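All remarks here apply to the structure that follows.
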Ligand code: AMP
Ligand code: ZN
């Protein structure tokens, strides 16, 4: 089995993964801002991190996995201007910010569970660790990295010579672009808020005392402070979506390394975006697709997981219902293939593998260890299920092993509990039954074809009933 290689954004290279401490991995992933529901694009980021974690576990590492919940201080604009997203959500819904945070955190947890994403070791809420954030700002102030303006305490990015390395930023180019508007009082365009003061004229719902006055933390400081608290000054892996590279993660590095004087993170991993026909999926545009929307349309959350498995995490995915339908058909076929093996082996998985079985196992491990290529890994699962030279008990055994990484809940498929039929398909089948009883055979045939197009076969049985199963 090849050693695990991961693409490190910092070096722009695939590197062999070697953790600081043998056998143990310390990993921090930037979590949701809980001012609204997560859209299916956001969930792609957590899916990619789940795959990363499962691959680490497959490689027999223990993983200390920390995810934050941003419930304060994330401003609408990345330039430290505008409203706090949480306060904005509160006004929109006429609830307190605390209620908003609780409601959307719960909704997020439900999405995570539905997508079969493993729970992290620690969920940490920004508002529970204000003291640690204030301490870090204090540390930066003592070391001379900060300055104050009328609206907050800022990090002076020119004091950190390595600033922008992760994103390959041309800071001098940015400096020349100073004419682009940014706060008059900021010394450099790239400087960012560590602590923002509450406005004098109104009381914020979330605000805390600090050595610099009443206010709230800047968005980036929570990740520096909480990752340090749970994982130490230097840890192995930090991840998030690609949008975090130029600002959020760049600023995290500046804060953490200036405060501790040590390397912050050894491997940076970033997941690409899910896009729609019309471009980037975004909450500010108002309309967005949730996992629940897909479920209401009759898709299972695992259909969406299978859809995500079809593309490597460093490539963009274009979402469309046609593409999702194609993935669902593929997944249904995979389940049928698995069921065949299950029936033939009486549901008993092989204890030992043949030479051929071992070869497949090795192929699978090599795919996922090559920078998390689960798309190729899924293709190996297909090969296994189709290979009639393998005995069915071996197919089962390999499918269960691979599913530890793929997370498609293959162990929950069994012949007695046949595949769940989406409500949309059942409705079409009922309409067809009605058309037949009205002797409207043309409509009945059209409905049969429509059901077939959606990936299901309908078979009439004696007495006017029918059976539906995924198209084989
Ligand atoms: P937010 O809740 O807005 O802070 O975003 C949560 C996560 O979703 C972050 O890691 C983002 O990088 C990621 N993200 C946002 N939009 C998309 C998208 N369209 N596709 C994939 N990931 C996204
Ligand atoms: Zn973060």
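In this note's numbering, the protein residues as written are 1 to 472. The C-beta atom is built at its ideal place from N, Cα and C for all residues, glycine as well. Being a predicted model, the structure only gives us computed values, none of them experimental.
Assigned exposure category for residue i - 16 Cβ within 10 Å defines buried
i: residue 359; result: exposed
i: residue 400; result: exposed
i: residue 263; result: exposed
i: residue 150; result: exposed
i: residue 348; result: exposed
i: residue 470; result: buried
i: residue 438; result: exposed
i: residue 219; result: buried
i: residue 164; result: buried
i: residue 2; result: exposed
i: residue 321; result: exposed
i: residue 334; result: buried
i: residue 96; result: exposed
i: residue 91; result: exposed
i: residue 371; result: buried
i: residue 201; result: exposed
Cβ-heavy atom distance, residue i to the ligand ZN, below 7 Å
i: residue 340; result: no
i: residue 68; result: yes
i: residue 475; result: The structure shown does not extend to residue 475, since the chain spans only 1 to 472, so no value can be given for it.
i: residue 65; result: no
Residue i Cβ short of 7 Å to the ligand AMP heavy atom set
i: residue 274; result: yes
i: residue 33; result: yes
i: residue 279; result: no
i: residue 54; result: no
i: residue 243; result: yes
i: residue 323; result: no
i: residue 45; result: yes
i: residue 251; result: no
i: residue 41; result: yes
i: residue 357; result: no
i: residue 377; result: no
i: residue 82; result: no
i: residue 240; result: yes
Proximity to residue i [Cα-Cα], best of the options
i: residue 270; options: 48, 2, 368, 168; result: 48
i: residue 17; options: 237, 96, 233, 140; result: 237
i: residue 139; options: 170, 195, 191, 355; result: 195
i: residue 88; options: 36, 56, 116, 26; result: 36
i: residue 102; options: 410, 185, 70; result: 70
i: residue 290; options: 165, 41, 2; result: 41
i: residue 159; options: 165, 192, 144, 116; result: 144
i: residue 25; options: 338, 65, 384; result: 65
i: residue 43; options: 98, 118, 97, 57; result: 118
i: residue 383; options: 371, 361, 85, 370; result: 361
i: residue 405; options: 413, 381, 230, 97; result: 381
i: residue 62; options: 243, 130, 20; result: 20
i: residue 242; options: 167, 230, 324; result: 167
i: residue 259; options: 100, 156, 458, 55; result: 156
Residues near residue i in its chain [Cβ-Cβ closer than 7 Å; skip 5 each side]
i: residue 450; result: 428
i: residue 207; result: 198, 214, 215, 216
i: residue 108; result: 32, 34, 38
i: residue 221; result: 133, 136, 137, 194, 255
i: residue 357; result: 390, 394, 398
i: residue 130; result: 208, 217
i: residue 314; result: 7, 272
Contacts around residue i, its chain only, beta-carbon distance under 8 Å, and the 5 residues preceding and following it disregarded
i: residue 223; result: 28, 30, 68, 248, 252
i: residue 411; result: 400, 403
i: residue 267; result: 6, 8, 10, 15, 17, 236, 237, 238
i: residue 142; result: none
i: residue 316; result: 272, 273, 274, 275
i: residue 441; result: 435
C-beta neighbour in chain D for residue i, strict 8 Å
i: residue 199; result: In the structure shown, chain D cannot be found, because there is only a single protein chain.
Chain-order list of residues whose beta-carbon lies under 6 Å from that of residue i (same chain, five-residue window excluded)
i: residue 125; result: 69, 71
i: residue 332; result: 455, 470
i: residue 376; result: 367
i: residue 341; result: 392, 395, 396
i: residue 212; result: 153, 195
i: residue 234; result: 262, 263
i: residue 288; result: 39, 281
i: residue 59; result: 4
Handout entry: For the ligand ZN, residues whose Cβ lies under 5 Å from any non-hydrogen atom
Key = 30, 223
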